[in-house]
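Below is one structure, written out as structure tokens, with a few remarks after it.
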Amino acid sequence: MKRLLPLFILTIGTLLQVDAQPLNKASYETMIETAEELVDLKDYYNALDWYEKAFEEREDKALIPIIAKMNYELRDYGRAERWYTRLLRRAEDTEYPEERYYLARSLKMQGKYDEAILAFQEYLLLTDDPDMKKMVENELTGCEMAQVLPENPQGVTIESAGRDVNSPTSEYSPTMSPDGNTLYFAALEERREVTIIKDAGDDFYAKIYQSAKDDDEWDKPDALDEKINRPGFHSVNPSLSPDGRRMYFNRVQLQGNKPGETKIYWSEYGDGGWLSANEVEGVNGDYLALHPTVGELFGKEVLFFVSNMEGGHGNYDIYYATYEGAGKYSDPVNLGETINSIGNEYSPHYHDGTLYFSSDGHPGLGGYDIFYSVWDGSSWSQPKNMGKSFNSSVDDMYFRLDESGYNGYFTSNRPEGRSLKSKTCCDDIYSFNIAQLYADLVVGVFSEEKKPILGATVKLVKMVNDTPGETDAKTQEKGNRFDYGLELEAPYKVVATAEGYYPDSVGLNTVGLKESKTFEHRFFLKAKPVPPAEPEFDTITIEEAIVLENILYEFDSDRILPEAESDLEVVKGLMEQYPDMRIELSAHTDYRGDDDYNQRLSQSRAESARRWLIRNGISRSRIEAVGYGETKWQTVSARAATMNPFLTEGEVLTPEYIDALPTKEEQEVAHLLNRRTEFKIIEGPTSITIKRTELRKKPTTKSSNDRRSLPVMPQQDTIKVSEMSSLYGKSLKQVPIMDFAERKVALGKVKKGETREFDYTFTNRGTVPLQISIITACECTTTDYSTEPVAPGETGKIHILFDSSEKDYEEIIDVTVMLENVDAEGIPIIENLEYSFDIEK
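Numbering (our numbering), first residue to last: 52 to 892.
Written as structure tokens, this is what we have:
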């Protein structure tokens, strides 16, 4: 599910229209045939036009996913969302997995992050592809990151390069002369309207242009002569050597609208202009070589470039080749998996020991985001997202800095640009400036127990002669971090408030700053006393099922929400109080969806709750996790009837009963009651006493489907931490982070008595060495692992030998990895893994 082509080719392909439409009204079959031929040529605009005409003619449902995908490829994400929604509105929950993925992407590219998160989670339930799972985890991390990152840190201003440079069609790959007075970029020859290709002689090729600066404005650009823009080729992706004397660029031949020969060329500046270009030796091959840019590694000049050559980590990776003189380069070297993801990396740019590039395979805010990585002389640092100063919810690429490091250009198809078709179809060039002296403020709001407070409000008050003046108030529902830009030479007062806590304030000022500064302050608010409630007690007897009212799940998800932890804490406390007690922890679904699917989902939910208890110190042997799917309907209790007057005590919430309820809202309440988690004592004490209020639904103003209630990782932690790790939701400073390629392994059918072997592989993404203390699992599992420390960035493996001799049925086996390392609270770090199998009778 990767992007079909490098962006510069996709842009060309989507802006060419072929004058090949039949004059007379075509039949439905002819419309489809014409559309398919245009798709083969990557001429999506015309293909979409014919598909839509065919749909108007017959309203064939099979065309809906095709039309939706065409809109997606043309970067019209609003129309893509509408077509995908139309397709999925009446579809079964397990239908159209690929289309659900592209719906999620369309939502994300419009900045609809809450909706995108839910759509990505639905897709995760339907795919077994490990690469797609990893991509979607990155997408979810990017969406969550977009919800908490500051809009635009102080000190960065961004402007369009102007109407003389930016046309309604696309411009891309800007690069500057060393003196900053000449801008080079690539665009189509005809940049004002969709090009109509009437015959092979038309000049519709992309060319490299230059524009001179006049009073801080760019003049109308001129195309370079045929020494650079060779007839019959698309000339694109220019970049200059640091001294401005060499230009590197691509020449591309298309076969139809598909890339054929794509090579890197270079030209020297002389005699008042650019000389004839020569092919770069040592870099080009039987693959696409794109986006050349000069840099330095190991004290030598190198050429960074992008390629889809075999042996990479994704579709398009970044490589480098060392300059050997006279236009010759050494064999290309892949930059490695730190930089290159399973997605695409494009448009590298090297400046003063830092590599900037765009990627859709690292967690980002949109499609392609701009990242940077620092070279320490031997390795690259983990890429960092450049945030909302430069990245939007769509595609941001071709980041370029001038010699000073404070000015530059990049391209984006963000909605405020000029576009020929949809608001986000086409790329514009933007300039940016980074202030050399600025001040900003980062505020965190915590309880006295150092836990994040969600829903707090922070007010930034500018003081004028000790009197409050302009006030900027922000309420953060999704996290506890607040970012502000500050004016220079000004005093401020910062006030933090939160419901149920006493307010607090602090003063600061920017008077006399001689260098840029980020002020940081953490508020630790004191909780207001809560009147104690009158204790009420219930007696729970053996085999009596007790509903855990706070363990609710998002629709089609097994994710444990933070609200559930209060109930799980109660169960944990009871099991610690009664050490001989064994319980059944069961999960139930509503009747919507396939029976087998509901069974698997409920089992997964029960396993999720059990994992939480195991992770918090309860032995696995004391918990039976059972998923009943939709086989056991809930009986309406007196309490449920009191809270929901439309229900009658004693009624069983069968499908027939629910369907007969008069409103959707009432039906959803009934579904929610069926979609429950319960526990019951199966061994140990015959009865226990518990406070009646402990397991009741906690009052909240947030929906259980609202991701604002989910824990927010600290903004500086860009590593995705699994929920199966005890580090989930905790500080990641000075700890090892075990990043597993796969935590859940499905062995499938296994014959009784057969043994299976496999490895869990991991990378230490943390900042300190990790050391495994012990690994525990069932008696059927033999583990082999090294207790030697694994340094940051290094990999390790855990070998598993499974013996099925004593197994008679399918089962999920938990593997618990305990480290010598401890977290910030001094608690040993625990990583949970699992594997499953089904005994073949």
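Cβ coordinates follow ideal geometry from the N, Cα and C atoms, glycine included.
Excluding the 5 residues flanking residue i on each side, which residues of the same chain have their C-beta closer than 8 Å to its C-beta?
i    : result
S463 : S443, V445, D446, D447, M448, D478, D479, Y481
R297 : L291, W317, S318, E319, Y320, V345
T233 : M227, Q261, S262, A263, K264
R243 : Only weak support exists for where R243 lies, its pLDDT of 44 falling under 50; the coordinates are left without a value.
I393 : D182, K185, M186, H364, G365, G412
D874 : S777, L778, K781, S782, V786, I880
Identify, in the order they occur along the chain, each residue of the same chain with its Cβ nearer than 7 Å to the Cβ of residue i, setting aside the five sequence neighbours on each side.
i    : result
E521 : K513
L158 : E132, E166, A167, A170
D453 : M227, G231, G459
E540 : T561, V562
E871 : Q822, S824
K104 : M82
Y419 : Y397, S409, S410, D411, D446, D447, M448
T569 : D491, V493
Would you mind sorting residue i into buried or exposed? The rule is 16 or more other CB atoms within 10 Å of its CB.
i    : result
F349 : exposed
K781 : buried
Y860 : exposed
D180 : exposed
L56  : Per-residue confidence for L56 stands at a pLDDT of 42, beneath the threshold of 50, marking its modelled position as unreliable; no derived number is given.
Y886 : buried
P289 : buried
G362 : exposed
N484 : exposed
S286 : buried
I118 : buried
H342 : buried
K249 : Unreliable placement is indicated for K249, whose pLDDT of 35 sits below 50; no coordinate value is reported for it.
Q72  : Summary for Q72: the model assigns pLDDT 46, below 50, so the residue's position carries little reliability, and this model does not support an answer.
N516 : exposed
R727 : buried
Between residue i and the rest of its own chain, which residues show a CB-CB distance below 6 Å, the 5 nearest in sequence each way excluded?
i    : result
Q24  : Missing from the structure shown is residue 24; the chain here goes from 52 to 892 and no further.
F888 : L798, V801
S432 : S424, V425
E891 : K800, K802
R671 : I665, D865
T85  : W101
E388 : H364
R661 : L636, I674, A676
F450 : H400, Y407, I421, F461
Measuring CA to CA, which of the options is closest to residue i?
i    : options                : result
R35  : A257, E80, D859, K529  : With the chain represented from 52 up to 892, any question about residue 35 goes unanswered, as that position is not in the structure.
D330 : F356, I880, V509, Y299 : Sequence check: residue 330 is Glu here, not Asp. Comparing Cα positions, the closest option is Y299.
L488 : I279, H572, K565       : K565
F730 : H639, A691, E719       : H639
V90  : D111, Y886, A113, E124 : E124
R697 : P713, Y135, K683, P706 : Reading the sequence as shown, one finds Phe at residue 697 and not Arg. Here the closest residue by C-alpha is P713.
E882 : A578, S738, R673, W663 : W663
I369 : Y380, K351, L406       : L406
N391 : D403, Y367, Y401, E375 : Y367
P542 : Y147, E876, A490       : A490
K501 : R140, S556, F575, Y95  : F575
E600 : T569, D641, L723, I634 : L723
A237 : I259, F255, P229       : I259
N695 : N725, L704, E717       : E717
Bridge partners of residue i, per DSSP?
i    : result
L712 : L712 pairs with nothing; no bridge assigned.
Q161 : According to DSSP, Q161 bridges with nothing at all.
D420 : S410
T518 : V515
M448 : T462
Q527 : A507
E667 : For the sequence presented, residue 667 should be read as Asn rather than Glu. BP columns for N667 are empty, so no partner.
F575 : F497
Within 8 Å of any Cβ in chain B, is that where the Cβ of residue i sits?
i    : result
N335 : In the structure shown, chain B does not exist; there is a single protein chain.
Entirely enclosed beta strand (DSSP E) segments - the region 353-383, minimum 3 residues: You should have 368-376.
Which runs of the beta strand (DSSP E) at least 3 residues long sit entirely within the region 243-331? Give them in chain order. You should have 246-248, 257-265, 285-291, 297-306, 309-321.
Within the region 208-246, ranges of the alpha helix (DSSP H) (whole runs, at least 4 residues): As summarised for the region 208-246, there are no continuous alpha helix (DSSP H) elements at least 4 residues long confined to that stretch.
Restricting to runs no shorter than 3 residues, where is the beta strand (DSSP E) found entirely within the region 534-570? 542-548, 555-560, all fully within the region 534-570.
Counting only runs of 3+ residues fully inside the region 835-870, write out the beta strand (DSSP E) ranges in chain order. Runs found: 846-854.
List in chain order: all unbroken beta strand (DSSP E) runs of 3+ residues lying wholly within the region 789-839. Taken in chain order, the complete beta strand (DSSP E) segments of 3 or more residues contained in the region 789-839 are 789-791, 795-802, 806-815, 823-827, 832-835.
Could I get the ranges of all uninterrupted beta strand (DSSP E) runs contained in the region 628-706, with 3 residues as the minimum, in chain order? With a minimum length of 3 residues, the continuous beta strand (DSSP E) runs that stay inside the region 628-706 are 633-639, 674-680.
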